[in-house]
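Following this note's numbering, the numbering of the sequence shown begins with 822 at its first residue and continues without gaps.
Here the structure is laid out as structure tokens; the discussion comes afterwards.
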Amino acid sequence: MSEQIIASPNGPLPEKKYTLAIIIVSVAIPATVAFLVLGLHTKLDLGFNTHSLPLFHAILNSSTAILLLASLYFIRNGQVVAHKRANWTAVVLSAVFLVSYVIYHATNPSTRFGDLNHDGILSDQEKLQAGVWRYVYYFILTTHILLSGIIIPFVLFTLQRAYQQKFDKHRKLARITWPMWFYVAVTGVVVYVMVSPYY
């Protein structure tokens, strides 16, 4: 990769350092989230009620999906500034979601699809009652979680190429990034709607 110099508030910054920073962030975020969500055996008590956060997450995800649709509309109609604002707002909402998601899962037990009596254990009767929808739910949830980790470097590299005014490369990568990001946002809402009866 070339050592092209990019303007920075603190002076010139080699392009390789941007790439390295994106790679570090892309690995650190999923690893940190996984540790905080799965690695904490004792749930934290933050001194305030976090039970309503899943609804907040669904609102953030639906807002992100709407912003991504708006972003696509804006760029197809030559409204570059509006396109940029929609994307940056979607990034901010996604960052807020990430923090809130960690807070919720660090303070609440996991909710299991089909757990009607809220005991954290799926009985044979509950599995039978959930039926095939349990498999549909876990398929959507699994793809949502996997892509939410995969999408991080795609979003960051897409933004980097726009910032560097490498618009051809930005467009090529955005064709991959946009549908993945949109899928993550929409399935976040779907997952909430499907599991909400069991909170």
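A virtual CB, placed ideally from N, CA and C, is assigned to each residue, including glycine.
Predicted model, so just to flag it, every value in this text is computed and none were measured.
Cβ neighbour criterion (16 or more within 10 Å) applied to residue i
{"i": "Pro1000", "result": "exposed"}
{"i": "His991", "result": "buried"}
{"i": "Thr863", "result": "exposed"}
{"i": "Val1005", "result": "buried"}
{"i": "Lys838", "result": "exposed"}
{"i": "Val976", "result": "buried"}
{"i": "Val986", "result": "Before going on, a small fix: residue 986 reads as Gln here, not Val. Gln986 is exposed by the Cβ-count criterion."}
{"i": "Phe1003", "result": "buried"}
{"i": "Pro875", "result": "buried"}
{"i": "Asn938", "result": "exposed"}
{"i": "Ser944", "result": "exposed"}
{"i": "Val901", "result": "exposed"}
{"i": "Gln981", "result": "buried"}
{"i": "Ala849", "result": "exposed"}
{"i": "Ala995", "result": "buried"}
{"i": "Thr963", "result": "exposed"}
{"i": "Leu881", "result": "buried"}
{"i": "Ser969", "result": "buried"}
{"i": "Ser1017", "result": "exposed"}
Rounded Cβ spacing between residue i and residue j (contact assumed at less than 8 Å)
{"i": "His878", "j": "Gly1009", "result": "7 Å"}
{"i": "Val923", "j": "Val1014", "result": "So it is not a contact: roughly 22 Å between Cβ atoms."}
{"i": "Leu888", "j": "Ala907", "result": "5 Å"}
Checklist entry - Could you give the uninterrupted runs of the alpha helix (DSSP H) lying entirely in the segment 947-1019, keeping only those of 4 residues or more? => result 954-984 and 988-1016
Checklist entry - Should the segment 921-939 be regarded as contacting the segment 949-960, the criterion being three or more beta carbon pairs within less than 8 Å? => result yes
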